[in-house]
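Each protein sequence line maps, in turn, to chains A and B. According to UniProt numbering, the first sequence holds residues 1 to 581 in order. According to UniProt numbering, the second sequence holds residues 1 to 293 in order. Glycine included, every Cβ here is placed at the ideal spot set by N, Cα and C. Comments concern the structure below.
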Amino acid sequence: MADSKDAGEEALRRLIATFQPSFLAPNPALSETSRAASRHLFSALRPFCPKSPLDQLLIDGFDAEQIWQQIDLQSQPLLSSLRRQVKHFAKNPEEISKLKVVPLGKKVEKEQREDWVEESDGFDEELEDDEEGEGKGGEEGMDIEDEDEEQGRESDNEEESEGEDEEEKGEDGEAGDGGIEDKFLKIDELAKYLEKEEENFEKAEEDTRGKKGADDEENTEDDDDDDEEEEEEEEESDEVSVLLGMLSLDLAAKMQQGTWKMQGMDLFYGVFLTLEHCGWDEQFILLLRYEDFFGDKGKYSKKMKAQLHQESEGSDEEDDDMKFKKQNKGTASTHQKQLEKIHSKIEEMEKANLEPKTWTMQGEVTAAKRPKNSALEVDLDFEHNVRPAPVITEEVTASIEDMIKKRITEGNFNDVQKAPKLPSKVPREVKELDDNKSKKGLAEIYEQEYVEKEDPTSAPLSFRDEQKQQASVLFKKLGLKLDALAHFSFAPKPVIEDMSVQINVPALAMEEIAPVAVSDAAMLAPEEVFEGKGDIKEETELTKEERKRRRANKKRRFKAAAVKRMGKKVQEGALPNQMNG
Amino acid sequence: MLRRNIRMRREYLYRKSLEGKERLLYEKKRKIREALQEGKPIPTELRNEEAALRREIDLEDENTAVPRTHIDDEYAHAAEKDPKILLTTSRDPSAPLQQFVKELSYVFPNAQRMNRGGQVISEIIESCRAHDYTDVVLVHEHRGVPDGLIVCHLPYGPTAYFGLLNVVTRHEIKDKKAIGTMPEAYPHLIFDNFSTKLGERTANILKYLFPVPKPDTKRIVTFSNQSDYVSFRHHIYEKHGGPKSIELKEIGPRFELRLYQIKLGTVDQAEAQIEWVIRPYMNTSKKRKFLSD
Numbered sequence: 001m002a003d004s005k006d007a008g009e010e011a012l013r014r015l016i017a018t019f020q021p022s023f024l025a026p027n028p029a030l031s032e033t034s035r036a037a038s039r040h041l042f043s044a045l046r047p048f049c050p051k052s053p054l055d056q057l058l059i060d061g062f063d064a065e066q067i068w069q070q071i072d073l074q075s076q077p078l079l080s081s082l083r084r085q086v087k088h089f090a091k092n093p094e095e096i097s098k099l100k101v102v103p104l105g106k107k108v109e110k111e112q113r114e115d116w117v118e119e120s121d122g123f124d125e126e127l128e129d130d131e132e133g134e135g136k137g138g139e140e141g142m143d144i145e146d147e148d149e150e151q152g153r154e155s156d157n158e159e160e161s162e163g164e165d166e167e168e169k170g171e172d173g174e175a176g177d178g179g180i181e182d183k184f185l186k187i188d189e190l191a192k193y194l195e196k197e198e199e200n201f202e203k204a205e206e207d208t209r210g211k212k213g214a215d216d217e218e219n220t221e222d223d224d225d226d227d228e229e230e231e232e233e234e235e236e237s238d239e240v241s242v243l244l245g246m247l248s249l250d251l252a253a254k255m256q257q258g259t260w261k262m263q264g265m266d267l268f269y270g271v272f273l274t275l276e277h278c279g280w281d282e283q284f285i286l287l288l289r290y291e292d293f294f295g296d297k298g299k300y301s302k303k304m305k306a307q308l309h310q311e312s313e314g315s316d317e318e319d320d321d322m323k324f325k326k327q328n329k330g331t332a333s334t335h336q337k338q339l340e341k342i343h344s345k346i347e348e349m350e351k352a353n354l355e356p357k358t359w360t361m362q363g364e365v366t367a368a369k370r371p372k373n374s375a376l377e378v379d380l381d382f383e384h385n386v387r388p389a390p391v392i393t394e395e396v397t398a399s400i401e402d403m404i405k406k407r408i409t410e411g412n413f414n415d416v417q418k419a420p421k422l423p424s425k426v427p428r429e430v431k432e433l434d435d436n437k438s439k440k441g442l443a444e445i446y447e448q449e450y451v452e453k454e455d456p457t458s459a460p461l462s463f464r465d466e467q468k469q470q471a472s473v474l475f476k477k478l479g480l481k482l483d484a485l486a487h488f489s490f491a492p493k494p495v496i497e498d499m500s501v502q503i504n505v506p507a508l509a510m511e512e513i514a515p516v517a518v519s520d521a522a523m524l525a526p527e528e529v530f531e532g533k534g535d536i537k538e539e540t541e542l543t544k545e546e547r548k549r550r551r552a553n554k555k556r557r558f559k560a561a562a563v564k565r566m567g568k569k570v571q572e573g574a575l576p577n578q579m580n581g
Numbered sequence: 001m002l003r004r005n006i007r008m009r010r011e012y013l014y015r016k017s018l019e020g021k022e023r024l025l026y027e028k029k030r031k032i033r034e035a036l037q038e039g040k041p042i043p044t045e046l047r048n049e050e051a052a053l054r055r056e057i058d059l060e061d062e063n064t065a066v067p068r069t070h071i072d073d074e075y076a077h078a079a080e081k082d083p084k085i086l087l088t089t090s091r092d093p094s095a096p097l098q099q100f101v102k103e104l105s106y107v108f109p110n111a112q113r114m115n116r117g118g119q120v121i122s123e124i125i126e127s128c129r130a131h132d133y134t135d136v137v138l139v140h141e142h143r144g145v146p147d148g149l150i151v152c153h154l155p156y157g158p159t160a161y162f163g164l165l166n167v168v169t170r171h172e173i174k175d176k177k178a179i180g181t182m183p184e185a186y187p188h189l190i191f192d193n194f195s196t197k198l199g200e201r202t203a204n205i206l207k208y209l210f211p212v213p214k215p216d217t218k219r220i221v222t223f224s225n226q227s228d229y230v231s232f233r234h235h236i237y238e239k240h241g242g243p244k245s246i247e248l249k250e251i252g253p254r255f256e257l258r259l260y261q262i263k264l265g266t267v268d269q270a271e272a273q274i275e276w277v278i279r280p281y282m283n284t285s286k287k288r289k290f291l292s293d
């Protein structure tokens with residue numbers, strides 16, 4: 001017995017020590033080891049089950065299903081009795097202290113466990129929910145090789161089975177104290193680990209709560225659930241510890257039961273161990289699904305809550321179904337495969353509906369609202385309202401050249417035409433020789449030339465025609481007026497100065513019979529006749545004093561001039577005087 | 001000079017404003033003339049003015065009979081003397097653009113090319129008016145590819161804005177020997193498919209950039225319109241076999257012109273009246289053609 005016990009423990013230890021992913025592939029050696037380990041655990045539990053018909057787990061030549069049924073035989077009554085005890089203790093807490101003293105670590109564990117149990121008692125509903133979820137998880141955790149059987153059990157009496165599972169776990173927890181504590185499993189470490197995970201979980205919950213608050217507008221469907229969840233989340237944090245405790249117990253129970261089959265070792269259980277090894281929260285792990293292995297890991301808390309609150313058995317069944325189907329290889333029927341596909345599609349579509357739409361479906365999108373360079377990846381199509389520029393192909397060029405050739409042969413060009421000349425020409429000025437005596441006297445002709453020389457502008461216009469002259473004069477005046485009108489600044493009238501010779505003709509000419517009078521005004525003005533200094537009065541007009549004065553002035557001037565002359569002569573005459581004398 | 005310019009501009013605007021009335025008068029006179037020719041009674045609405053109008057009809061000659069528009073005034077003296085063109089670019093032209101402008105200066109006879117430097121457009125126009133230029137042509141570019149052409153007729157004339165597409169310059173053709181030198185004879189012109197009034201107007205604007213050619217030149221410049229895109233081609237032809245054989249050799253640059261605006265003023269007048277502008281944003285613009293039918 002001891003040998004077998006040792007062997008069993010040895011097997012158990014070896015099993016635990018194996019590299020978890022090796023469970024993924026069927027391995028006969030591993031199978032043998034696990035069978036031995038499960039037998040050991042079974043016999044270890046045997047003392048606590050008085051009504052059990054089997055003394056030992058029969059493994060030689062037995063199927064996985066059969067082994068499972070044997071374990072069930074043992075564990076079912078065990079669970080129910082455990083539950084009864086737990087309820088009893090819940091009602092009478094003082095009796096707990098009266099319990100037998102158990103070895104060191106186990107006591108602590110027991111108390112802790114009972115604490116958890118007490119806490120859970122206060123919230124029966126949630127507990128049941130949690131138990132359900134956890135129970136389902138527990139079932140999954142128990143890792144069934146035969147999905148059909150499992151499903152059958154579920155569909156028949158899920159709650160009952162779950163309840164039993166709870167009891168079983170409870171029983172196992174208490175009864176299996178001796179079997180739980182191991183080199184592998186330290187309850188203290190477990191407790192610490194669980195607390196740590198609890199804190200993490202609470203943080204995650206808060207995060208997701210925050211996120212949920214932001215996404216509330218979008219996920220209107222989940223609003224009710226959210227509300228419920230938010231209310232219960234605080235309570236749940238306490239529940240978590242209970243659940244975790246139960247899960248740990250479940251783990252232990254599993255190991256005792258050896259509810260794993262080595263042949264075709266279930267992917268799930270191996271992964272479960274691996275993940276736990278990595279420090280993942282058990283509850284999260286148990287609520288994993290197939291998609292999650294290959295999908296986004298960020299939705300765990302959401303999913304967990306969703307699961308915790310899904311009282312609908314259908315969804316549970318779905319989840320279970322999916323998990324089992326996906327995890328088993330080759331045992332799915334076509335109908336199930338179809339169902340699988342449909343369910344996955346439904347999931348996808350629901351997910352897509354919940355998420356915000358891609359930017360291409362959002363109507364008007366500015367560059368800030370879409371990811372960088374995303375417009376390059378999408379095939380954008382615009383409606384252009386202009387005819388596109390012509391591509392110059394060979395045909396186009398040929399057609400143009402044909403047209404040109406045609407035009408050349410016709411001689412049909414669109415050249416600039418020379419403007420037709422005005423019909424009438426300006427007649428050239430012909431200089432005719434005039435035989436008649438010129439009307440102007442010679443003096444007048446000279447006058448004219450002189451005036452032209454002095455003042456070129458007053459030259460007579462070279463037009464022959466009187467009319468033309470008049471017309472040009474008129475036009476000059478007009479042009480002046482128009483120019484003055486064309487701008488706002490004042491331009492004074494130009495002064496045209498005429499030059500002509502004035503003759504001082506006396507007023508009256510008496511030579512002819514009829515005296516011809518010439519107006520005084522045409523004559524020169526007195527200042528024009530004589531202007532300036534000098535002796536204005538004549539000799540005869542002077543008075544005596546004036547005459548004398550004139551003579552005196554004259555003498556004075558003469559004397560002054562004489563002195564000057566003498567001065568000069570002295571200078572010149574110095575030599576001749578000297579020569580003379 | 002300045003006063004004269006101002007006066008002439010005012011006269012131009014006044015004549016433009018009188019056009020409507022003149023057209024009415026012309027219509028009335030035409031009706032009377034027709035009635036007289038056919039021997040029909042004069043229409044009743046013209047009975048009052050009939051005598052005065054008939055006298056005017058008698059005094060008319062061929063020049064005054066036709067109602068003159070400001071458009072005719074712009075190009076009234078264009079046929080009498082050869083055009084003198086100034087070619088220049090936008091500021092800071094790239095080397096390919098300068099080459100293109102050099103080519104264009106050979107395409108238009110009697111054209112002068114000028115470096116733009118830092119001159120302002122109004123300065124250029126002033127100096128051109130002073131030196132008796134008839135047209136100014138500005139070429140714009142985008143990264144070396146010529147993409148805009150502005151033809152401004154000088155005394156007060158219209159400005160046409162074109163966009164250039166599919167430009168192939170002579171410099172791009174590597175084989176210099178094949179393309180040969182550019183002949184400088186006055187070319188014959190071909191304007192194809194300019195049927196609307198606007199089409200005629202653009203054809204005029206482009207036509208008066210060229211002088212009157214000799215009838216026997218071998219050089220052809222073609223402006224061919226296809227759905228509002230005008231193709232410019234420059235050929236030399238040879239008649240080998242006599243009657244029907246004509247061989248065309250393409251020389252010179254080729255590009256597509258797309259008219260987008262005509263303004264009734266020079267380039268430097270930003271506030272001039274717009275005669276026509278393209279409207280690509282209208283829903284029916286895809287179906288409509290403006291230069292042809």
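Against chain B, does residue i count as a neighbour if the rule is that its beta carbon must be under 8 Å from one of theirs?
i, result
"V386 of chain A", "yes"
"D415 of chain A", "yes"
"D483 of chain A", "yes"
"T409 of chain A", "yes"
"K493 of chain A", "no"
"residue 596 of chain A", "Given a span of 1 to 581 for chain A in the structure shown, any question on residue 596 of chain A remains unanswerable."
"I404 of chain A", "yes"
"E401 of chain A", "yes"
For residue i and residue j, what's the separation of their Cα atoms in angstroms?
i, j, result
"K214 of chain B", "I251 of chain B", "20 Å"
"E497 of chain A", "R116 of chain B", "50 Å"
"G534 of chain A", "L485 of chain A", "54 Å"
"Q37 of chain B", "K31 of chain B", "10 Å"
"K186 of chain A", "Y193 of chain A", "11 Å"
"E538 of chain A", "K453 of chain A", "39 Å"
"N553 of chain A", "R547 of chain A", "10 Å"
"T33 of chain A", "R14 of chain A", "8 Å"
When DSSP labels each residue in this structure, what does residue i get in the three-state scheme?
i, result
"G532 of chain A", "coil"
"residue 305 of chain B", "In the structure displayed, chain B extends from 1 to 293; residue 305 of chain B sits before or after that span and is not available."
"A368 of chain A", "helix"
"A419 of chain A", "coil"
"Y156 of chain B", "coil"
"H40 of chain A", "helix"
"T33 of chain A", "helix"
"F210 of chain B", "coil"
Let me see if you follow: with CB-CB separation under 8 Å, is residue i close to chain A or not?
i, result
"V277 of chain B", "no"
"D72 of chain B", "no"
"S17 of chain B", "no"
"I6 of chain B", "yes"
"Q226 of chain B", "yes"
"F100 of chain B", "no"
"F290 of chain B", "no"
"E80 of chain B", "yes"
"L165 of chain B", "yes"
When the Cα of residue i is compared with those of the options, which residue comes out closest?
i, options, result
"D135 of chain B", "B:E103, B:H70, B:E38 and B:Y75", "B:Y75"
"E37 of chain A", "A:P50, A:Q70, A:T409 and A:I59", "According to the sequence displayed, residue 37 of chain A carries Ala and not Glu. Selected option, being the one with the closest Cα: A:I59."
Could you check how far apart the C-beta atoms of residue i and residue j are, in whole angstroms? I think they sit under 8 Å.
i, j, result
"P53 of chain A", "L24 of chain A", "That belief does not hold up - the Cβ atoms of P53 of chain A and L24 of chain A are roughly 35 Å apart, past 8 Å."
"K84 of chain B", "Y12 of chain B", "Contact doesn't hold; Cβ gap of about 21 Å is too wide."
"H153 of chain B", "I205 of chain B", "7 Å"
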